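Trainee: I have a structure here, written as structure tokens, and I will follow up with some questions on it.
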């Protein structure tokens, strides 16, 4: 039986959402935290009844998302990110150290019940890897020495305060990262002192159509990865339906190598909120949502506080924002899966059409935009579309955040005009550590480029396509000669197999089959017939319409490129 204070908090959640079932996910997490980081079946049933869903639905949700612990874990749940950026920056060594110190393997709990150890996927801490998450607290820039001190403290029952992570990065544009190193940058007073909410003042004097036209004229393309023009997307909204219009900010940031949006939300939350208020006026929305990945618990708190500050300062008008925490599912970065998740369901993609602009959240017209996209709106409105277009060039306008991680001397987030030469970006990040071998320029889902293919590359949508890859989210992972591409491919496909929602057979079965093939290859047990089968599967998954969402192509494209461009490395491992 949950305590009354927990039920009271759940009631407040129910009251905030247009439909009470949307409170299911945050309610389950509240119950888990109240019960020693464990979500029991009794608690699921109690919450299901209180929220108004079936016990089966609550169980289905709880067992879908990775952050719900439906099996008991230790007092300290240690989770170590070993995805590609983390592996390139020494996470495997940290994992091995923890295994040795605790005497357990990943997936096990110490006999005294104090520690549970898990190897997890990307925690969006790519620039500050290795990272260890203990319960809901991040410890970044970890070394063996720091890890030993952390474990010793936990053994004494003390959760130490995390050190401020060492961040590199910089800005040539001074827009999205303007307040990054400003003291108390999350407060509304500091934000206003540095020019914040002036764009909103201007927007309040404009007609909604004028705001939309300015964004459309700016030609800003969605910064989440797809690169679709934001203004054009807004124009697709169904009109005259009599239904509410919803604005959803996609802050899930689950693409390995991507950690740019975190910089805005953690250090300049009012920039995002101002962008959402202006965007809401343009599309006629009275309620917005920030869907933030569940691991960013402390950042969600920052956003909640910023929303309350904006309300108290009379900035919100008749618009409201709900910060909705996810619970661990990469596929919720896809807009319809994200919408399903807000509705209190398993985050699985919907069949399209209809598209969200016609029938999205709760069956109503909905616009879903990325954090960086919405945070760019204040500049566009205050300074004008023409000023925005002075950054970059035609069809690739504006400023852009690039997260650089892996084998570089200064990993971090850098803000440059669209179209910056890759060479200049790499130099800003301190250059490569060791001999440069390859780079993934737009998040894990885009094709890899060999070192010699980087010559003359500019970091924008069109230039990347001409080089046979994509700009994607701008998550740049630098790989040196110390790393084996077949091993990188194996870790890549393990991620996608783990994150496949299971709805589409080509994605689900294809990814797991490739995991088996590459696993055999790394053990020296694979034949050429196995690799030929892998190529056949990739070709099938890459066919248009084979899956409901891009997750299938997200693994097929990079694995294909790794195999074709580094074929000799794969062939050497055949039995």
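In our numbering, the protein residues as written are 1296 to 1870.
Here a beta-carbon is modelled for each residue, glycine too, at the ideal position from N, C-alpha and C.
Quick caveat: nothing in here was measured; it's all calculated off a predicted structure.
Between which two residues does the alpha helix (DSSP H) harbouring residue 1847 extend?
Mentor: Position 552 of the chain shown, counted from the start, is the residue given in the question as residue 1847. Per DSSP, residue 1847 belongs to the alpha helix (DSSP H) from 1846–1860.
Trainee: Could you round the C-beta distance between residue 1666 and residue 1556 to whole angstroms and report it? I think they count as a contact, below 8 Å.
Mentor: Here residue 1666 is taken as the residue at index 371 of the chain shown, counted from 1. Here residue 1556 is taken as the residue at index 261 of the chain shown, counted from 1. Yes, they are in contact, since the Cβ atoms of residue 1666 and residue 1556 sit about 4 Å apart, within 8 Å.
Trainee: One question on the structure: do residue 1570 and residue 1672 come within less than 8 Å of each other, judged by their Cβ atoms?
Mentor: For the purposes of this step, residue 1570 is taken as the residue at position 275 of the chain shown. For the purposes of this step, residue 1672 is taken as the residue at position 377 of the chain shown. Yes. Within cutoff.
Trainee: Return the CA-CA distance between residue 1737 and residue 1451, expressed in angstroms with no decimal places.
Mentor: Here the question's residue 1737 lines up with position 442 in the chain shown. Here the question's residue 1451 lines up with position 156 in the chain shown. Rounded to the nearest angstrom, the two C-alpha atoms are 42 Å apart.
Trainee: Nearest to residue 1755 by alpha carbon, out of 1768, 1746, 1745, 1433?
Mentor: Along the chain shown, read from residue 1 onward, the residue named residue 1755 stands at position 460. With distances taken between Cα atoms, residue 1755 lies closest to 1768.
Trainee: Taking Cβ to Cβ, would you say residue 1401 is nearer than 8 Å to residue 1418?
Mentor: Residue numbering aside, residue 1401 sits at position 106 when the chain shown is read from its first letter. Residue numbering aside, residue 1418 sits at position 123 when the chain shown is read from its first letter. Going by C-beta atoms, residue 1401 is not nearer than 8 Å to residue 1418.
Trainee: Considering only residues of the same chain and omitting the five flanking positions on each side of residue 1705, which have a CB-CB separation below 7 Å?
Mentor: Here the question's residue 1705 lines up with position 410 in the chain shown. Once the five neighbours on either side are set aside, the close Cβ partners of residue 1705 are 1463, 1724, 1725.
Trainee: Touch check for the stretch 1603–1616 and the stretch 1481–1500: three-plus C-beta pairs under 8 Å?
Mentor: Taking 8 Å as the limit for Cβ pairs, the verdict is that the stretch 1481–1500 does touch the stretch 1603–1616.
Trainee: Under 8 Å by Cβ, that's how I've got residue 1263 and residue 1568 pegged, so tell me the actual separation to the nearest angstrom.
Mentor: Not covered by the structure: residue 1263. The range shown for the chain is 1296 to 1870.
Trainee: Quick check: residue 1566 and residue 1585, are their CB atoms within less than 8 Å of each other?
Mentor: Here residue 1566 refers to the residue found at position 271 when the chain shown is read from its first residue. Here residue 1585 refers to the residue found at position 290 when the chain shown is read from its first residue. Taking 8 Å as the Cβ cut-off, residue 1566 and residue 1585 do not qualify as a contacting pair.
Trainee: Once DSSP output is grouped into helix, strand and coil, what is the label at residue 1696?
Mentor: Here residue 1696 is taken as the residue at index 401 of the chain shown, counted from 1. DSSP places residue 1696 in strand when its eight states are reduced to three.
Trainee: Measuring straight from C-alpha to C-alpha, what distance separates residue 1380 and residue 1825?
Mentor: Your numbering for residue 1380 matches position 85 in the chain shown. Your numbering for residue 1825 matches position 530 in the chain shown. Rounded to the nearest angstrom, the two C-alpha atoms are 28 Å apart.
Trainee: Rounded to whole angstroms, what's the CA-CA distance from residue 1742 to residue 1680? Just pull it up for me.
Mentor: Counting from 1 along the chain shown, the entry for residue 1742 is found at position 447. Counting from 1 along the chain shown, the entry for residue 1680 is found at position 385. So the two alpha carbons sit approximately 32 Å from each other.
Trainee: Report yes if the C-beta distance between residue 1683 and residue 1713 is below 8 Å; otherwise report no.
Mentor: Within the chain shown, the letter at position 388 stands for residue 1683. Within the chain shown, the letter at position 418 stands for residue 1713. Not closer than 8 Å, so no.
Trainee: Compute the distance between the beta-carbons of residue 1624 and residue 1359, then report whether it is under 8 Å.
Mentor: Counted from its first residue, the chain shown places residue 1624 at position 329. Counted from its first residue, the chain shown places residue 1359 at position 64. Yes, these two residues count as a Cβ contact at 8 Å.
Trainee: Go through the stretch 1329–1404 residue by residue and report every complete run of the beta strand (DSSP E) that reaches 3 residues or more, in order.
Mentor: Taking only runs of at least 3 residues, the beta strand (DSSP E) segments lying wholly in the stretch 1329–1404 are 1371–1376.
Trainee: Would you call the stretch 1853–1870 in contact with the stretch 1776–1788, where contact means no fewer than 3 C-beta pairs closer than 8 Å?
Mentor: Flag = yes, the stretch 1853–1870 and the stretch 1776–1788 touch.
Trainee: Beta-carbon separation of residue 1330 and residue 1338 under 8 Å?
Mentor: Numbered from its first residue, the chain shown carries residue 1330 at position 35. Numbered from its first residue, the chain shown carries residue 1338 at position 43. Yes, the pair counts as a contact, with Cβ atoms nearer than the cut-off.
Trainee: If we require 3 or more residues per run, which beta strand (DSSP E) segments fall completely within the stretch 1661–1733?
Mentor: Listed in chain order, the complete beta strand (DSSP E) runs (minimum 3 residues) inside the stretch 1661–1733 are 1661–1665, 1694–1701, 1707–1712.
Trainee: Relative to the alpha-carbon of residue 1839, which residue among 1851, 1829, 1830 has its alpha-carbon at the smallest distance?
Mentor: Taking the chain shown and counting its residues from 1, one reaches residue 1839 at position 544. Residue 1851 is the option with its Cα nearest to residue 1839.
Trainee: Using the Cα positions of residue 1709 and residue 1678, report the straight-line distance between them to the nearest angstrom.
Mentor: Numbered from 1 along the chain shown, position 414 holds the residue referred to as residue 1709. Numbered from 1 along the chain shown, position 383 holds the residue referred to as residue 1678. Roughly 22 Å separates the two Cα atoms.
Trainee: How big is the Cα-Cα spacing for residue 1809 and residue 1693?
Mentor: Numbered from 1 along the chain shown, position 514 holds the residue referred to as residue 1809. Numbered from 1 along the chain shown, position 398 holds the residue referred to as residue 1693. When rounded, the distance between both Cα atoms is 39 Å.
Trainee: Just confirm the distance between the C-beta atoms of residue 1798 and residue 1648, as a whole number of angstroms; I'd bet it's less than 8 Å.
Mentor: Counting from 1 along the chain shown, the entry for residue 1798 is found at position 503. Counting from 1 along the chain shown, the entry for residue 1648 is found at position 353. 17 Å between Cβ atoms; not a contact.
Trainee: Closest to residue 1773 by CA distance: which of 1788, 1794, 1717 is it?
Mentor: Here the question's residue 1773 lines up with position 478 in the chain shown. Here the closest residue by C-alpha is 1717.
Trainee: To the nearest angstrom, how far is it from the Cα of residue 1301 to the Cα of residue 1328?
Mentor: Here residue 1301 refers to the residue found at position 6 when the chain shown is read from its first residue. Here residue 1328 refers to the residue found at position 33 when the chain shown is read from its first residue. C-alpha separation (whole angstroms): 10 Å.
Trainee: Please look up how many angstroms separate the CB atoms of residue 1698 and residue 1422, rounded, as I've assumed it's under 8 Å.
Mentor: The sequence position of residue 1698 within the chain shown is 403, counting from 1. The sequence position of residue 1422 within the chain shown is 127, counting from 1. That pair is a contact at about 6 Å.
Trainee: How about the stretch 1515–1525 and the stretch 1585–1594: do they share at least three Cβ pairs that are nearer than 8 Å?
Mentor: Touching, no.
Trainee: How would you call residue 1435, buried or exposed, if buried means at least 16 neighbouring beta carbons within 10 angstroms?
Mentor: Start at 1 with the first residue of the chain shown, and residue 1435 comes out as number 140. Residue 1435 is buried by the Cβ-count criterion.
Trainee: What does DSSP give as the partner residue(s) for residue 1546 in the beta ladder?
Mentor: Start at 1 with the first residue of the chain shown, and residue 1546 comes out as number 251. Bridge partners of residue 1546: 1587.
Trainee: DSSP three-state label for residue 1411, please.
Mentor: Against the chain shown, residue 1411 aligns to sequence position 116. Strand.
Trainee: Straight-line CA distance for residue 1689 to residue 1432?
Mentor: Translated into positions along the chain shown, residue 1689 becomes position 394. Translated into positions along the chain shown, residue 1432 becomes position 137. C-alpha separation (whole angstroms): 43 Å.
Trainee: Classify residue 1581 as buried or exposed, calling it buried when 16 or more other Cβ atoms lie within 10 Å of its own Cβ.
Mentor: Your numbering for residue 1581 matches position 286 in the chain shown. Label assigned to residue 1581: exposed.
Trainee: I need the straight-line Cα distance from residue 1482 to residue 1656, nearest angstrom please.
Mentor: Here the question's residue 1482 lines up with position 187 in the chain shown. Here the question's residue 1656 lines up with position 361 in the chain shown. The alpha-carbon atoms of residue 1482 and residue 1656 are separated by roughly 31 Å.
Trainee: Mapping the DSSP letters down to three states, classify residue 1865 as helix, strand or coil.
Mentor: As a first step, residue 1865 must be located in the chain shown, where it is residue number 570. Of the three classes helix, strand and coil, the one that applies to residue 1865 here is helix, per DSSP.
Trainee: Please check the pair residue 1429 and residue 1373, which I expect to be a contact at CB under 8 Å, by giving their CB distance rounded to whole angstroms.
Mentor: Counting from 1 along the chain shown, the entry for residue 1429 is found at position 134. Counting from 1 along the chain shown, the entry for residue 1373 is found at position 78. Contact holds; Cβ gap of about 6 Å.
Trainee: Within this structure, are the beta carbons of residue 1420 and residue 1554 separated by less than 8 Å?
Mentor: As a working mapping, residue 1420 is identified with position 125 in the chain shown. As a working mapping, residue 1554 is identified with position 259 in the chain shown. Yes, the pair counts as a contact, with Cβ atoms nearer than the cut-off.
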